[in-house]
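Q: Numbered according to the numbering used here, the sequence shown terminates at residue 170, and the numbering increases by one at each position without gaps.
C-beta atoms are modelled at their ideal positions from N, C-alpha and C, and glycine is treated no differently.
From a predicted model like this one, the values you see are computed outputs, not experimental measurements.
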Amino acid sequence: MSLDRRNFLSLGVAALGTLVSGLSFPLRLLAQHVRPDAAFAATDMAGVYAAIGSTPETSAEIVFTSPEIAENGAVVPVSVTSNIPGTTKISILVEKNPNPLTAVFYIAEGTQASVQTRVKVAQTCNLYAVIEANGKFFSASRETKVTLGGCGG
18 MSLDRRNFLS LGVAALGTLV SGLSFPLRLL AQHVRPDAAF AATDMAGVYA AIGSTPETSA
78 EIVFTSPEIA ENGAVVPVSV TSNIPGTTKI SILVEKNPNP LTAVFYIAEG TQASVQTRVK
138 VAQTCNLYAV IEANGKFFSA SRETKVTLGG CGG
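1. Please work out which residues of its chain come closer than 6 Å, Cβ to Cβ, to residue 158, disregarding the five sequence neighbours upstream and downstream, and give them in chain order.
2. Quick check on the DSSP output: the alpha helix (DSSP H) that includes residue 65 runs from which residue to which?
3. Report the rounded CA-to-CA distance for residue 133 versus residue 92, giving the unit in angstroms.
4. Give me the Cβ distance between residue 64 and residue 137, rounded to the nearest whole Å; I'm assuming they're in contact under 8 Å.
5. Any Cβ of chain D within less than 8 Å of the Cβ of residue 149?
6. By Cβ distance below 8 Å, which residues in the same chain neighbour residue 49 in space, the five residues on each side in sequence not counted?
7. Who are the Cβ neighbours of residue 53 in its own chain at under 8 Å, not counting the five residues just before and after it?
8. Kindly indicate which three-state DSSP category residue 150 falls into: helix, strand or coil?
9. Would residue 149 be called buried (16 or more neighbouring beta carbons within 10 Å of its own) or exposed?
10. I'd like the span of the alpha helix (DSSP H) that includes residue 58, first residue to last.
11. Please classify residue 66 as buried or exposed, where buried requires at least 16 neighbouring CB atoms within 10 angstroms.
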């Protein structure tokens, strides 16, 4: 059997496709394992804290910013910086949303524990930044007043 250029390229693309699909499958399994499904499904703050296994203590080492008044609850900018050594996870919770846990960020060792994102806020309420560091949980909160639309409209 002679292997001309066309056959060689066809076999190469097929082999590459098989390799890539085989490598991506374990990554999907890892993503399912890491995502805290019970915490995201919780419908109140107590449910989130039960799912993570701890109620966080307040810390002044967390810099949490959100607007005092949000004109549009559909896109509220928040930023969190943790000055707590050993921070491995930053979570953002919105107290009066149907599902309070809105985001979880995993922080790689040796990197600055700082994130910025936008969250949907259903109505005027407290927003919380929850930090996991060295197996303990810490939090900071801010009230944000919503003047227009959020989760409900």
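A: Straight from the coordinates:
1. 143 and 145
2. 62 to 69
3. 12 Å
4. Contact flag wrong, Cβ pair sits at about 19 Å.
5. No chain D appears in this structure, which consists of one protein chain only.
6. Low local confidence applies: a pLDDT of 49 at residue 49 is under 50, so the model's placement there is unreliable, and no value is given.
7. 68, 69, 118 and 121
8. strand
9. buried
10. 54 to 58
11. buried
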